[in-house]
Amino acid sequence: MEFFEQEHPPIPPTINDRRIYENVQRLSEQIVGKKNTQIAPHLMGSEDFAFYLERVPGSLLLIGTRNEKIDSIHPPHSPYYTIDEDALPIGAAIHAAFAHDYLLDANYSREN
1 MEFFEQEHPP IPPTINDRRI YENVQRLSEQ IVGKKNTQIA PHLMGSEDFA
51 FYLERVPGSL LLIGTRNEKI DSIHPPHSPY YTIDEDALPI GAAIHAAFAH
101 DYLLDANYSR EN
């Protein structure tokens, strides 16, 4: 069996930077409330975002879009997936809050 790793390198594990992860978690809890945040389980799937995390400290953030009222109950990559667009402003708010916090934090600025 050949895997052709030179032509198609395997996708590395997605490993969040602990400090960025903790900051994103804190900001997410402030925006949507602690009861509305969950820690995703460890998965064996692959994520292209892992290539970015090999070069730049970061954290993968998943925005939940489950809404039974509009039949948004299927996972991404399902042919039945429907996004709840009401979740998009929440995701944008979390990303904007993180960017603002990151730019104001002198510890991040000195390290990068």
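Residues 1 to 112, numbered by this note's numbering, are exactly what the sequence shown covers, in order. Beta carbons are placed, not taken as given, at the ideal position from N, Cα and C, and that holds for glycine.
Would you decide whether SER46 is buried or exposed? Buried here means 16 or more other CB atoms lie within 10 Å of its CB. exposed
In three-state DSSP terms, what is SER59? coil
Note to self: As a quick exercise: from ASN67, PRO13, ILE94, pick the residue whose alpha carbon is nearest that of SER28.
What the structure shows: With distances taken between Cα atoms, SER28 lies closest to ILE94.
Selected residue, minimal CA-CA separation from GLY91, among PHE49, PHE51, THR37:
Closest in alpha carbon position to GLY91, among PHE49, PHE51, THR37, is THR37.
Identify every residue that forms a DSSP beta bridge with SER72.
-> ASN67
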